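When we follow this note's numbering, the leftmost residue of the sequence shown carries the number 2, and every step to the right adds one. The beta carbon of each residue, even a glycine, is placed where N, CA and C say it ideally should be. It should be emphasised that the depicted structure is a prediction, and the values quoted were computed from it without experimental measurement. What follows is a short report on a single structure.
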Amino acid sequence: MRSFLSTLLTKYRVQLILLVSLINGMAYLILVPPWQHYDEPGHFEYAWLAANLDHWPLSGEYDQYMRREVAASMIEHDFYRGMSGLPNLLEINKPVEIGIAQTGDLPAYYFLASIPLRIMKFTDITWQLYCTRMVSVLFLVFTVFLAFKTSCLVFGDDHPLVWMVPLFMAFLPALVDLMSAVNNDVAAIAFFTLFVYAAVRLNKKGVNLFNLGLLFAAMVLCMFTKSTAWLALPLGGLSLIMALFKKKWLWVYILLGFLAIIMGGYVLMDWKQPAPALFYASSDSVVPRAIKSENAPVGENIFIQTGQTYSSQGFYHFLDPNTFQEHLGKSVTLGFWIWADQPTMLHPPVLELEGQTIRFREENLEVTEQPEFFVLTTQLPEKGLRLWLRTFAIKDKDNRLYWDGFFLAPGDLSDMPGIPQYLDINGDTILWGGTTHTNLIRNGSAERIWPLLSSKLFQVLGSQINVSTTHIWSIFDLDANGWYYRSALTHMFRSFWAVFGWSHVFLVGGKPYRFLFVVSLLSLVGLVYSLFTRKDKLEGRVVMLFLTMIIFQLAVVVMRGAGSWLNYTMLPASRYFFPVVLPVAIFLVSGWYVVFKILFDIIRIPAKLQALFFIFSLVMLEIWALYSIYQFY
Numbered sequence: 002m003r004s005f006l007s008t009l010l011t012k013y014r015v016q017l018i019l020l021v022s023l024i025n026g027m028a029y030l031i032l033v034p035p036w037q038h039y040d041e042p043g044h045f046e047y048a049w050l051a052a053n054l055d056h057w058p059l060s061g062e063y064d065q066y067m068r069r070e071v072a073a074s075m076i077e078h079d080f081y082r083g084m085s086g087l088p089n090l091l092e093i094n095k096p097v098e099i100g101i102a103q104t105g106d107l108p109a110y111y112f113l114a115s116i117p118l119r120i121m122k123f124t125d126i127t128w129q130l131y132c133t134r135m136v137s138v139l140f141l142v143f144t145v146f147l148a149f150k151t152s153c154l155v156f157g158d159d160h161p162l163v164w165m166v167p168l169f170m171a172f173l174p175a176l177v178d179l180m181s182a183v184n185n186d187v188a189a190i191a192f193f194t195l196f197v198y199a200a201v202r203l204n205k206k207g208v209n210l211f212n213l214g215l216l217f218a219a220m221v222l223c224m225f226t227k228s229t230a231w232l233a234l235p236l237g238g239l240s241l242i243m244a245l246f247k248k249k250w251l252w253v254y255i256l257l258g259f260l261a262i263i264m265g266g267y268v269l270m271d272w273k274q275p276a277p278a279l280f281y282a283s284s285d286s287v288v289p290r291a292i293k294s295e296n297a298p299v300g301e302n303i304f305i306q307t308g309q310t311y312s313s314q315g316f317y318h319f320l321d322p323n324t325f326q327e328h329l330g331k332s333v334t335l336g337f338w339i340w341a342d343q344p345t346m347l348h349p350p351v352l353e354l355e356g357q358t359i360r361f362r363e364e365n366l367e368v369t370e371q372p373e374f375f376v377l378t379t380q381l382p383e384k385g386l387r388l389w390l391r392t393f394a395i396k397d398k399d400n401r402l403y404w405d406g407f408f409l410a411p412g413d414l415s416d417m418p419g420i421p422q423y424l425d426i427n428g429d430t431i432l433w434g435g436t437t438h439t440n441l442i443r444n445g446s447a448e449r450i451w452p453l454l455s456s457k458l459f460q461v462l463g464s465q466i467n468v469s470t471t472h473i474w475s476i477f478d479l480d481a482n483g484w485y486y487r488s489a490l491t492h493m494f495r496s497f498w499a500v501f502g503w504s505h506v507f508l509v510g511g512k513p514y515r516f517l518f519v520v521s522l523l524s525l526v527g528l529v530y531s532l533f534t535r536k537d538k539l540e541g542r543v544v545m546l547f548l549t550m551i552i553f554q555l556a557v558v559v560m561r562g563a564g565s566w567l568n569y570t571m572l573p574a575s576r577y578f579f580p581v582v583l584p585v586a587i588f589l590v591s592g593w594y595v596v597f598k599i600l601f602d603i604i605r606i607p608a609k610l611q612a613l614f615f616i617f618s619l620v621m622l623e624i625w626a627l628y629s630i631y632q633f634y
């Protein structure tokens with residue numbers, strides 16, 4: 002019997018792992034109620050239209066009958082529990098509300114997801130949803146299989162990590178949950194994992210026609226699936242270059258990094274029309290520019306703000322919480338210089354405190370062609386964590402506003418005589434009425450600048466760039482925006498392990514993610530130890546390739562929510578990070594393997610029991626996750 006089990010686990014290990022992934026995927030498919038995944042109704046609608054129309058669905062296209070069926074199913078399965086209203090199933094003149102439409106997204110996933118729907122056109126809509134979910138589960142099995150094949154290349158066929166890495170992915174709750182949903186993230190993860198396998202194969206087995214073809218095919222699939230997998234394009238070039246220069250790959254990597262910095266700094270960035278540092282806007286077309294001016298009232302630079310379509314398209318500045326917290330509940334004074342090309346009326350700046358608008362005055366400002374100094378006073382609320390200054394725009398694209406010398410000082414200074422004296426070029430300190438005042442606004446005279454992305458880059462990528470360059474630079478403004486990056490990384494960590502539904506279903510228990518954080522730290526300790534002592538089989542080229550994938554994907558994902566602070570703060574979930582789940586899994590499991598092998602060898606636990614401990618831990622994590630979902634719904 003023991004010999005039979007040993008043979009089974011050795012000879013059929015990949016089949017067993019794939020069976021486990023299939024069973025786990027089916028468990029989540031059945032347990033999670035219909036429509037309870039990220040934007041699942043909209044993704045299903047796209048696949049349904051692809052199966053039922055005589056042409057490929059166009060952006061904004063819909064079928065009213067289908068939408069009624071979906072909305073009715075959502076009501077039937079208690080989707081709107083806790084919400085204020087239900088969709089109107091009798092709607093005629095506009096689409097029945099089922100959530101955000103996805104038509105217009107890249108087509109690869111929806112073409113494949115539509116295949117079972119072409120066969121089952123006349124079945125119940127909920128049954129069609131489950132059939133489409135099954136396509137996603139098959140993507141999960143395919144992804145786990147690729148993890149196994151990649152692990153064989155990285156560690157060798159006989160190393161325990163060959164089965165440990167794919168088994169970890171087959172049990173990772175958040176991954177399995179996502180890959181049992183109708184969502185194009187599923188294909189993005191699978192095809193990027195194919196790209197990871199192709200890149201590793203190219204570097205391990207050399208450059209030949211098959212390996213190049215596989216890499217190119219994976220890159221094309223990623224390109225036509227979702228933008229979260231687009232890093233395959235530049236990383237594909239990197240992996241090819243590293244494969245061509247096997248013996249000198251490190252020097253080539255350093256050279257490429259140096260060239261990337263130069264290209265990013267001088268080719269992709271516009272230094273001729275920079276923006277004032279620490280000031281933000283919703284898009285680069287709205288961002289003010291900082292230019293030198295002989296007429297600057299303060300320092301050498303001034304702000305230039307062009308006319309916009311809407312008056313709300315102004316710019317804003319976050320205040321450092323460490324400087325304004327002590328002034329909550331007290332009066333503050335805002336001062337600035339302003340003028341325009343042509344006389345105009347302008348809504349005065351306001352302060353925003355977490356959704357609460359604090360006005361200085363109701364009347365518009367009368368702006369002339371000559372620089373004029375304005376002083377406005379208001380009182381801050383008693384409580385608040387995030388405070389920002391917001392300006393407005395003029396609705397005249399043939400006119401421009403000029404600003405300079407922004408300051409926000411504690412107290413009511415409206416009765417002060419004359420005009421304040423700025424004691425330094427940045428306007429950080431002012432002297433007024435014989436008293437010095439600290440300016441709560443940083444860089445109020447636009448002396449410090451940062452570049453914007455080149456307009457040519459926007460012309461090439463168009464709507465795929467959905468953030469302003471200023472939001473990217475917010476990483477250098479941690480005094481004001483550090484809270485976002487801490488919150489984003491925390492949410493990404495939790496959603497990497499086990500956050501379900503629409504990011505509203507969490508693991509049960511008291512502070513469960515602290516335990517997972519400790520477990521992750523153990524892996525990090527083991528990984529660092531193994532890399533420095535060479536206790537692993539990770540080749541340097543592969544390590545650098547994986548690290549590059551992880552770092553760039555992490556940066557792109559974290560920046561997704563940058564700039565959403567003014568309304569509802571969007572914290573990025575790990576579903577956008579999961580395209581690099583295989584490199585992360587390899588690092589995580591490698592770290593655990595080193596740590597627990599050392600510990601178990603010390604207390605002389607046999608290798609088979611060590612393997613059982615790993616499997617048992619994954620099973621317990623799975624039970625914990627499934628119970629959490631069951632209890633919530």
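- Contact between Leu390 and Asp285 is ruled out by a C-beta separation of about 20 Å, above the 8 Å threshold.
- Under the 10 Å beta carbon count, Gln306 is surrounded by 16 or more other beta carbons and is classified as buried.
- For Leu50, the closest alpha carbon among the candidates His78, Met84 and Ala114 is that of Ala114.
- The bridge partners DSSP lists for Ser332 are Gln380.
- With contacts defined by Cβ atoms closer than 8 Å, Asn302 and Ala447 form a contacting pair.
- Rounded to the nearest whole angstrom, the CA to CA distance from Leu583 to Phe304 is 47 Å.
- The Cβ-Cβ distance between Leu329 and Gly385 falls below 8 Å.
- With fewer than three CB-CB distances shorter than 8 Å, the region 57–68 does not count as touching the region 118–125.
- According to DSSP, residue pairing for Leu409 in a beta bridge involves Leu335.
- If you check the CB distance, Val163 and Ser181 do not come in under 8 Å.
- Taken through DSSP and simplified to helix, strand or coil, Ile587 comes out as helix.
- The residue from Arg69, Gly83 and Ser283 with its alpha-carbon nearest to that of Ser469 is Ser283.
- Residues of the same chain with a CB within less than 6 Å of the CB of Leu139, apart from the 5 flanking positions on each side, do not exist.
- The continuous beta strand (DSSP E) containing Val351 extends over residues Val351 to Leu354.
- Per DSSP, the continuous alpha helix (DSSP H) segment holding Arg68 begins and ends at Gln65 to Glu77.
- In this chain, Val368 is not harboured by any alpha helix (DSSP H); it is covered by the beta strand (DSSP E) spanning Leu366 to Val368.
- Residues of the same chain with a CB within less than 7 Å of the CB of Ile76, apart from the 5 flanking positions on each side, are Leu87 in chain order.
- In this structure, Ala200 is the residue among Gln103, Ala200, Ile24 and Ala28 with its C-alpha nearest to the C-alpha of Ile242.
- Taking every protein chain shown into account, the CB of Ala574 has 16 or more other CB atoms within 10 angstroms, so this residue is buried.
- Here the alpha carbons of Val506 and Leu517 stand approximately 16 Å from one another.
- Checking the DSSP bridge columns, you'll see Pro34 has no partner listed.
- Between the alpha carbons of Leu424 and Phe316 lies a gap of roughly 25 Å.
- The alpha-carbon separation between Ile359 and Tyr514 amounts to approximately 38 Å.
- DSSP places Leu508 outside any beta strand (DSSP E), giving it a letter other than H or E.
- The count of Cβ pairs closer than 8 Å, one atom from the region 33–43 and one from the region 96–111, reaches three, so the stretches are in contact.
- Around the C-beta of Ser456, fewer than 16 other C-beta atoms lie within 10 Å, and the residue is accordingly described as exposed.
- Listed in chain order, the non-local C-beta contacts of Phe172 below 8 Å within the same chain comprise Val21, Asn25, Leu619, Val620, Leu622 and Glu623, local neighbours out to five positions each way being set aside.
- Non-local beta-carbon contacts of Phe112 in its own chain, meaning distances under 7 Å to residues more than five positions away in sequence, involve Ala51 in chain order.
- Straight across, the Cα-Cα distance linking Pro34 with Gln16 is about 29 Å.
- Assigned with DSSP and collapsed to three states, His348 falls in coil, not helix or strand.
- In summary, Leu589 is buried, with 16 or more beta-carbon neighbours lying within 10 Å of its beta-carbon over all protein chains present.
- The three-state secondary structure of Arg449, taken from DSSP, is coil.
- Here DSSP, grouped into helix, strand and coil, assigns Met270 to strand.
- If only uninterrupted alpha helix (DSSP H) runs of at least 4 residues are considered, those enclosed by the region 84–137 are 109–114 and 116–120.
- The residues Leu424, Thr430 and Ile431, in chain order, have a CB closer than 8 Å to that of Thr437 in the same chain once the five nearest residues on each side in sequence are set aside.
- Here the alpha carbon of Glu540 sits roughly 8 Å from the alpha carbon of Val155.
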